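Written below as structure tokens is the structure these notes are about.
Protein chains: 2
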Amino acid sequence: MSKAQATRSDILTRAMELIYKQGFQSTSIDDILATTQVTKGAFYYHFKNKEEMGIALIEEAMHTEIWPGIQSSLSSSSNFRDNIYKMMDKLLFKHPFMTVEHGCPAVNLIQEMAPLNEAFRLALKKSLNKWERAIEAEIIRGQETGQLARSHDAKQIALHIITLYHGVRNMGKLLGKPYYVSFLSEFRQYLDSLN
Amino acid sequence: MSKAQATRSDILTRAMELIYKQGFQSTSIDDILATTQVTKGAFYYHFKNKEEMGIALIEEAMHTEIWPGIQSSLSSSSNFRDNIYKMMDKLLFKHPFMTVEHGCPAVNLIQEMAPLNEAFRLALKKSLNKWERAIEAEIIRGQETGQLARSHDAKQIALHIITLYHGVRNMGKLLGKPYYVSFLSEFRQYLDSLN
DNA sequence: ACATAAACATACCAATTAGTATGTCGCAAA
DNA sequence: TTTGCGACATACTAATTGGTATGTTTATGT
Numbered sequence: 029m030s031k032a033q034a035t036r037s038d039i040l041t042r043a044m045e046l047i048y049k050q051g052f053q054s055t056s057i058d059d060i061l062a063t064t065q066v067t068k069g070a071f072y073y074h075f076k077n078k079e080e081m082g083i084a085l086i087e088e089a090m091h092t093e094i095w096p097g098i099q100s101s102l103s104s105s106s107n108f109r110d111n112i113y114k115m116m117d118k119l120l121f122k123h124p125f126m127t128v129e130h131g132c133p134a135v136n137l138i139q140e141m142a143p144l145n146e147a148f149r150l151a152l153k154k155s156l157n158k159w160e161r162a163i164e165a166e167i168i169r170g171q172e173t174g175q176l177a178r179s180h181d182a183k184q185i186a187l188h189i190i191t192l193y194h195g196v197r198n199m200g201k202l203l204g205k206p207y208y209v210s211f212l213s214e215f216r217q218y219l220d221s222l223n
Numbered sequence: 029m030s031k032a033q034a035t036r037s038d039i040l041t042r043a044m045e046l047i048y049k050q051g052f053q054s055t056s057i058d059d060i061l062a063t064t065q066v067t068k069g070a071f072y073y074h075f076k077n078k079e080e081m082g083i084a085l086i087e088e089a090m091h092t093e094i095w096p097g098i099q100s101s102l103s104s105s106s107n108f109r110d111n112i113y114k115m116m117d118k119l120l121f122k123h124p125f126m127t128v129e130h131g132c133p134a135v136n137l138i139q140e141m142a143p144l145n146e147a148f149r150l151a152l153k154k155s156l157n158k159w160e161r162a163i164e165a166e167i168i169r170g171q172e173t174g175q176l177a178r179s180h181d182a183k184q185i186a187l188h189i190i191t192l193y194h195g196v197r198n199m200g201k202l203l204g205k206p207y208y209v210s211f212l213s214e215f216r217q218y219l220d221s222l223n
């Protein structure tokens, strides 16, 4: 990685941390610069403006931070229920920087920015779509291997699972980690109820 | 209502509209004043600072805006499933100022402010708790009238329903109104699956 | 070694922010 | 009628904001 690429990466990494905790609008560029070796000149060399940096954050940081954990869970065993459960468990409990109090950066950004900025909305939707199709594929795999009746709508279930994830990430901010635990057991029941 | 009370109410009403659409942190006091007849002196006469106004917003506006619709749905018929379904339908489709793109003000505030401000978190938790107990009571009513097995944990179901609401409000920002429709039909299925 | 552009660094700016200081005006009680 | 306070109104400030203008350094191909 060249020095310039490292600088760009530093900006995105630090921006991710701050935006995750404070939100996009409330994270100032000076905030990001203050805790990096990066100067304002460097920032505006790499990004046209704050918005473009936010889009880059979604497209790059999001895909490299969150996506790998999802992919490593899905298709890891032959039992599709176990895989989806493991994906949820990993997302909620095993992720290196996500905490219960601050939730999930993607969920937070959707909440904050989707109504305000169409470019954000589209980038976030694209990201969500990728996840949705991965879950959908896992469900279809379950149907093809006889674990789940073909009468189920795979896409609808996938969206339902993502909806649950969004919900629990938000509720966790009020109820704390214990709610994650009881949610997970209910989630297991939900998966088993699909027959 | 006295003139002073009307002024205070004007502030909270306009603040609610703006915070709902832009978030708490990104709504400035000048924003609120600009579209009201209220001046800065009046604002700071009624509220110590911006934070205290936010807390008042949660405790008052929230309870008077959202709560009535919930209460009128619950206990309206003898079928607890119909009542809970109606509550969800009313919240998603019938509310005077909530839109799909901006979601629900309570959900938004939890997302944004719960991790940043303990006073907000507690006020929001209290508000959520009220809702949770109302749903729980409806479920218990269902159990006592033989519509639902007593083996179910009413509180867990109530929290699950609220989690779903949070999730769908967030997902709606990406997927639009059609998702509300398909969610509602899935929600009906969920309620019927409780036996 | 040298030209040239990429990759920064510094200083600045106008607008916006939450909050304050200090005044004014009307009305109720004495 | 006067006094006093509730309910504002106006003008201001220091800090912060996103963004720009204009430099300087550093790498890189020739």
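Chains as they are written, first to last, in this note's numbering: chain A, 29 to 223; chain B, 29 to 223.
Think of the CB as a built atom: it goes at the ideal place given N, C-alpha and C, for glycine as much as any other residue.
All figures in this text were calculated on a predicted structure; none of them were measured in a lab.
Counting along the chain, the unbroken alpha helix (DSSP H) around M199 (chain A) starts and ends at A182 to L203. For the pair I168 (chain B) and W159 (chain B), the Cα-to-Cα distance works out to about 14 angstroms. For K153 (chain A), the enclosing alpha helix (DSSP H) stretches over residues E146 to E172. Taking a contact as a CB-CB distance under 8 angstroms, the pair P133 (chain A) and Y48 (chain A) counts as one, their CB atoms being some 4 angstroms apart.
Between L46 (chain A) and the set A:M116, A:K154 and A:T63, the nearest pair of CA atoms involves A:T63.
The beta carbons of F125 (chain B) and I83 (chain B) sit about 21 angstroms from each other, so the pair does not count as a contact at 8 angstroms. Look at S37 (chain A) here: in three-state DSSP terms it is helix.
The DSSP-derived three-state label of H130 (chain B) is coil. Taken through DSSP and simplified to helix, strand or coil, T92 (chain A) comes out as helix. With a cutoff of 9 angstroms on beta-carbon distance, F75 (chain B) and E140 (chain B) are scored as not near each other. About 6 angstroms separates the beta carbons of G200 (chain A) and Y207 (chain A), which is inside the 8 angstroms limit, making them a contact pair.
The beta carbon of Y193 (chain B) sits closer than 9 angstroms to some beta carbon of chain A. Taking a C-beta distance under 9 angstroms as the contact criterion, I163 (chain A) and I185 (chain A) qualify as a contact pair. Annotated three-state conformation of P206 (chain A) is helix, per DSSP. DSSP places L61 (chain A) inside the alpha helix (DSSP H), whose first and last residues are I57 to A62. For F125 (chain A), the three-state secondary structure derived from DSSP is coil.
F121 (chain A) counts as exposed, since fewer than 16 other C-beta atoms from the protein chains shown sit within 10 angstroms of its C-beta. Annotation: Cβ neighbours of Q139 (chain A) in chain B (cutoff 8 angstroms, chain order): G131, V135, N136, Q139, E140, N198 and K201.
Residue contact with chain B for K153 (chain A): present (Cβ-Cβ distance below 9 angstroms to some residue of chain B). V66 (chain A) sits in coil when the DSSP states are folded into three classes, being neither helix nor strand.
For K76 (chain B), no alpha helix (DSSP H) segment is defined, and its DSSP state is neither H nor E.
Burial state of S101 (chain B) is buried, judged by a 10 Å Cβ sphere holding 16 or more other Cβ atoms.
The beta carbon of N111 (chain B) lies closer than 8 angstroms to those of S101, L102, S103, S104, S105 and E166 in the same chain, with the five residues before and after it left out. Chain A places no beta carbon closer than 9 angstroms to that of H91 (chain B), leaving this residue out of the contacts. In the three-state reduction of the DSSP assignment, F211 (chain A) falls in the helix class. In terms of beta-carbon proximity, H188 (chain B) lines the interface with chain A, with at least one pair separated by less than 9 angstroms. The beta carbon of A70 (chain B) sits closer than 8 angstroms to those of T35 and I39, all from its chain and outside the five residues before and after it, given in chain order. For the region 79–112 of chain B, the set of positions with a beta-carbon nearer than 7 angstroms to some beta-carbon of chain A is empty. A buried status is given to A43 (chain A), since no fewer than 16 other beta-carbon atoms sit within 10 Å of its beta-carbon. Contacts between P206 (chain A) and chain B, judged by CB atoms closer than 7 angstroms, are missing: the closest CB pair is about 11 angstroms apart. In the DSSP assignment, N111 (chain A) falls within the alpha helix (DSSP H) that extends over F108 to D117.
Taking 9 angstroms as the CB threshold, K49 (chain A) lines the interface with chain B. Rounded to whole angstroms, A32 (chain A) and D58 (chain A) show a C-alpha spacing of 20 angstroms.
Annotation for M29 (chain B): S37 place their beta carbon closer than 8 angstroms to its own, counting only its chain and skipping 5 residues before and after. In the three-state DSSP reduction, S30 (chain A) falls in the coil class, being neither helix nor strand.
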